[in-house]
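Under the working numbering, the first residue of the sequence shown carries the number 14, and numbering increases by one thereafter. Glycine included, every Cβ here is placed at the ideal spot set by N, Cα and C. Written out below as structure tokens is the structure these notes cover.
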Amino acid sequence: MGHETKLLSFIFVALLLILSYGHVTDSVQDAADADPTHTGKAFLAQVLPYFWLMFIILSVGVIAVVVFEEIT
Numbered sequence: 014m015g016h017e018t019k020l021l022s023f024i025f026v027a028l029l030l031i032l033s034y035g036h037v038t039d040s041v042q043d044a045a046d047a048d049p050t051h052t053g054k055a056f057l058a059q060v061l062p063y064f065w066l067m068f069i070i071l072s073v074g075v076i077a078v079v080v081f082e083e084i085t
């Protein structure tokens with residue numbers, strides 16, 4: 014797999030994560046609001062945004078590493 018293909022795939026994954034962030038967090042929050050007695054849903058609604066941001070940051074970091082290796 015060439016460098017261009019790797020870079021494009023990482024950019025595509027990062028864009029998907031960024032664009033889906035709001036939808037995923039809203040869906041989980043709606044599920045938690047619909048059933049407030051279910052503590053697992055409430056916990057997931059609190060934790061998921063941070064995990065999602067972590068995945069976004071990691072994917073952007075991988076893109077940065079690939080670009081840096083491509084430049085040098």
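**Study point:** Cβ neighbour criterion (16 or more within 10 Å) applied to phenylalanine 23
**Key:** Around the CB of phenylalanine 23, 16 or more other CB atoms lie within 10 Å, so the residue is classed as buried.
Exercise for review: Leaving out five residues on either side along the sequence, give the residues of the same chain with a beta carbon under 7 Å from the beta carbon of serine 72.
Suggested key: Here the set comprises Phe23, Val26, Ala27, Leu30.
**Study point:** Cβ-Cβ separation, leucine 61 to threonine 38 (assumed contact under 8 Å), whole Å
**Key:** Cβ atoms of threonine 38 and leucine 61 come within 8 Å of each other, at about 6 Å.
Review point. With a Cβ-Cβ cutoff of 8 Å, do tyrosine 34 and isoleucine 69 count as a contact?
Key: Yes. Within cutoff.
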